[in-house]
Amino acid sequence: MDIRNLDAQKFDALADLVYCSAPLPFRLWQLPADSLRCHPYIGGWKEAEAIVLIREKYPSDSLNVGLLRRAGILSPKNCDRLAKCLIADPD
């Protein structure tokens, strides 16, 4: 076990109470700016507003995290992090 103070016996006692499901995709291309700004890899209000403007300007088939990097909206570090997230397809 790699969790401090949680040995195998304690884990076995709690195992039936824990359920892990597949994560829901992050709706990067659908959420409003006030919801986007809360994501830790987006940064803030300015970045969230820019994402909304990008998705209104570009066709949905061209929307991807690389576009946000090329436009300078997100830092390369945050783009790399966001690219690892499960992102819902643009509608």
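In my numbering, the protein residues as written are -2 to 88.
Cβ coordinates follow ideal geometry from the N, Cα and C atoms, glycine included.
The count of Cβ pairs closer than 8 Å, one atom from the region 12 to 21 and one from the region 34 to 50, stays below three, leaving the stretches out of contact. In this structure L33 is not in contact with I51, their Cβ atoms being roughly 11 Å apart against a cut-off of 8 Å. Rounded to whole angstroms, the separation of the alpha carbons of D13 and L83 is 27 Å. With 16 or more neighbouring CB atoms inside 10 Å of its own CB, N75 falls in the buried class. In this model, S72 and P37 are separated by some 12 Å (Cα to Cα).
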